[in-house]
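**Q** Per my numbering, the very first residue in the sequence shown carries number 45; after that it's consecutive. Don't be surprised by glycine CBs; every beta carbon is placed ideally from N, CA and C. Take a look at this one; I'll ask things after.
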Amino acid sequence: MVVSNYKIATMLLYAVLALQFLPTPTVSELVQEQPLVLKYHNGQLLKGQITVNLIWYGSFTPIQRSIIVDFVNSLSYSSSSIPSASSWWKTTEKYKGGSSVLVVGKQFLHPAYTLGKNLRGKDLLALASKFNELSSITVVLTAKDVAVEGFCVSRCGTHGSIRSVNGKVRSAYIWVGNSETQCPGQCAWPFHQPLYGPQTPPLVAPNGDVGVDGIIINLATLLAGTVTNPFNNGYFQGPATAPLEAVTACTGAFGSGSYPGYPGRVIVDKVTGASFNAHGANGRRFLLPAMWDPQTQACKTLV
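What follows is the structure, encoded as structure tokens:
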């Protein structure tokens, strides 16, 4: 809808006049916000034990791969240290259907760039189709020197679904790109100076790798979105073509007191200066985004 400047001015004038006859609101009324509600559209959710298959497209070091594998394992790992990545993931249990237990399955290394270094959507689908199994999520991870259609322009990753040849099996997939050299200000924030907005100092990445720690944030976002809205008829707000999901509805919040450009209060290691909010398997630490809690109908952070 297009509104002219004249119409806007007229509308503002009427609004000001109307406000003169309204009672003065209290401070609590001024800050009160309407609750955020992700509507359930009665579709299938991914619950129970879910196998996560990983496809590494391009060059990843063994350390990089181990960080990401540890992260996925951490979501179903009972850590004695709190707050934990598994306690963050437990919020997904509050969505209909109970728990989603993620287990790392097969891994496929694809270092030869056989599809080139400029991938389109059809290439991601071709890669994801390598594992087309029930109760599974195939995660395609592209290296820092791989350009993907829409990467940095409008997205840092995506999730969707693929069907088997006979059309009977429908499985979920995720793509996430390493943004270390392409767009860290967009896809690895808050570990890099933001591309737009307030120029707050970047946080120190907890695993010492801006690109991989950025992948963790985006992978966490997409895993939560996948189990709660795998086939575009689960939990979301807005249009199905551009939905706000479990974590994307809470964009930019990592700790309490967050606001646009400021990730919020998180834990800072006194020795390394690294910022994190979740403990995981093998002594790992991660920075995980806020997730919408269906019980409180609010975005929930770990700290």
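DSSP state of Ile99, grouped into three classes?
**A** What you label residue 99 is simply residue 55 of the sequence shown in a count that begins at 1. Note: Ile99 maps to strand in three-state DSSP.
**Q** Using DSSP with H/G/I as helix, E/B as strand and the rest coil, what is Trp336?
**A** Residue 336 sits at position 292 when you count from the first residue of the sequence shown. Strand.
**Q** Shortest alpha-carbon distance to Leu247 belongs to which of Gly255, Gln237, Val256?
**A** By one-based count along the sequence shown, residue 247 stands at place 203. Residue Gln237 is the option with its Cα nearest to Leu247.
**Q** Does the distance from the CB of Val271 to the CB of Ser144 come in under 7 Å?
**A** For the purposes of this step, residue 271 is identified with residue 227 of the sequence shown, where counting begins at 1. For the purposes of this step, residue 144 is identified with residue 100 of the sequence shown, where counting begins at 1. Against a cut-off of 7 Å, the Cβ pair of Ser144 and Val271 comes out as a contact.
**Q** Can Ala293 and Leu119 be called in contact, C-beta distance under 7 Å?
**A** Start at 1 with the first residue of the sequence shown, and residue 293 comes out as number 249. Start at 1 with the first residue of the sequence shown, and residue 119 comes out as number 75. With contacts defined by Cβ atoms closer than 7 Å, Ala293 and Leu119 do not form a contacting pair.
**Q** Given that a residue counts as buried once 16 or more other Cβ atoms are within 10 Å of its Cβ, and exposed if not, what is Thr135?
**A** Here residue 135 corresponds to residue number 91 of the sequence shown, with the count starting at 1. Classification of Thr135: buried, given that the 10 Å Cβ count is 16 or more.
**Q** Using C-beta distances below 8 Å, list every residue in its chain close to Tyr306, excluding the 5 sequence neighbours before and after it, in chain order.
**A** As a first step, residue 306 must be located in the sequence shown, where it is residue number 262. Correct list, in chain order: Pro242, Thr244.
**Q** Where Leu266 and Phe275 are concerned, what is the direct C-alpha to C-alpha distance, given to the nearest angstrom?
**A** Mapped onto the sequence shown, residue 266 falls at position 222. Mapped onto the sequence shown, residue 275 falls at position 231. Looking at the backbone, the Cα of Leu266 and that of Phe275 are separated by about 13 Å.
**Q** Using CA coordinates, which residue listed in Cys196, Leu168, Gly282, Phe195 is at the minimum distance from Val183?
**A** As a first step, residue 183 is located in the sequence shown; it is residue number 139 there, counting from the start. If we check each option's Cα against that of Val183, Leu168 comes out closest.
**Q** Please state whether the Cβ-Cβ distance between Ile218 and Ser173 is less than 7 Å.
**A** Here residue 218 is taken as the residue at index 174 of the sequence shown, counted from 1. Here residue 173 is taken as the residue at index 129 of the sequence shown, counted from 1. Contact flag unset, no.
**Q** Taking Gly221 and Val190 to be in contact with their CB atoms under 8 Å, please state how far apart those CB atoms are, rounded to whole angstroms.
**A** Start at 1 with the first residue of the sequence shown, and residue 221 comes out as number 177. Start at 1 with the first residue of the sequence shown, and residue 190 comes out as number 146. Contact holds; Cβ gap of about 7 Å.
**Q** How far does the alpha helix (DSSP H) with Ala170 in it extend, from its first residue to its last?
**A** The residue you call residue 170 lines up with position 126 of the sequence shown. Segment 165 to 172, the alpha helix (DSSP H) holding Ala170.
**Q** Check each candidate in Leu146, Leu346, Leu159 and name the one with the smallest Cα separation from Leu98.
**A** For this step, residue 98 is matched to residue 54 along the sequence shown. Out of Leu146, Leu346, Leu159, Leu146 has the C-alpha closest to the C-alpha of Leu98.
**Q** Contact check, Ser180 vs Gly149 under 8 Å by CB: the rounded distance?
**A** For the purposes of this step, residue 180 is identified with residue 136 of the sequence shown, where counting begins at 1. For the purposes of this step, residue 149 is identified with residue 105 of the sequence shown, where counting begins at 1. About 7 Å; that satisfies the 8 Å criterion.
**Q** Would Trp133 pass as a contact of Ala322 if the rule is Cβ separation under 7 Å?
**A** Taking the sequence shown and counting its residues from 1, the one referred to as residue 133 is at position 89. Taking the sequence shown and counting its residues from 1, the one referred to as residue 322 is at position 278. No; because the gap between Cβ atoms is not below 7 Å, this pair is not in contact.
**Q** Could you tell me the alpha carbon to alpha carbon distance between Ala342 and Phe330, rounded to whole angstroms?
**A** Stepping through the sequence shown from its first residue, residue 342 is reached at position 298. Stepping through the sequence shown from its first residue, residue 330 is reached at position 286. Each residue's alpha carbon lies about 22 Å from the other.
**Q** Fully enclosed by the stretch 121 to 188, which beta strand (DSSP E) runs are 3 residues long or longer?
**A** 144 to 154, 180 to 186
**Q** Taking Glu193 as the reference, give the member of Gly165, Asp313, Ala187 with the closest Cα.
**A** Residue numbering aside, residue 193 sits at position 149 when the sequence shown is read from its first letter. The shortest C-alpha separation from Glu193 is found at Gly165.
**Q** Hey, quick one: how far does the beta strand (DSSP E) through Arg214 stretch, first residue to last?
**A** In the sequence shown, the residue the question calls residue 214 occupies position 170. Its beta strand (DSSP E) spans residues 214 to 221.
**Q** Quick one: what's got a C-beta closer than 6 Å to Ala290's C-beta in the same chain, skipping five residues either side?
**A** By 1-based counting over the sequence shown, the position of residue 290 is 246. Ala268, Gly269, Thr272, Met335, Trp336.
**Q** Determine whether the beta carbon atoms of Gln339 and Lys138 lie at a separation below 7 Å.
**A** Here residue 339 refers to the residue found at position 295 of the sequence shown. Here residue 138 refers to the residue found at position 94 of the sequence shown. Taking 7 Å as the Cβ cut-off, Gln339 and Lys138 qualify as a contacting pair.
**Q** What would DSSP say about Cys343, mapped onto helix, strand or coil?
**A** As a position in the sequence shown, residue 343 is number 299, starting the count at 1. Strand.
**Q** Kindly indicate the opening and closing residues of the alpha helix (DSSP H) around Thr265.
**A** On the sequence shown, residue 265 is found 221 positions in, with the first residue counted as 1. Per DSSP, Thr265 belongs to the alpha helix (DSSP H) from 254 to 272.
**Q** Please report the distance separating the alpha-carbon of Pro67 from that of Gly301.
**A** For this step, residue 67 is matched to residue 23 along the sequence shown. For this step, residue 301 is matched to residue 257 along the sequence shown. Only weak support is given to the placement of Pro67: the predicted model assigns it a pLDDT of 46, under 50, and the question is left unresolved by the model.
**Q** So what does DSSP say about Ala191, is it helix, strand or coil?
**A** Along the sequence shown, read from residue 1 onward, the residue named residue 191 stands at position 147. Strand.
**Q** At the level of alpha carbons, what is the spacing between His154 and Leu171?
**A** Position 110 of the sequence shown, counting from 1, holds the residue named residue 154. Position 127 of the sequence shown, counting from 1, holds the residue named residue 171. Using only the alpha carbons, I get a separation of about 10 Å.
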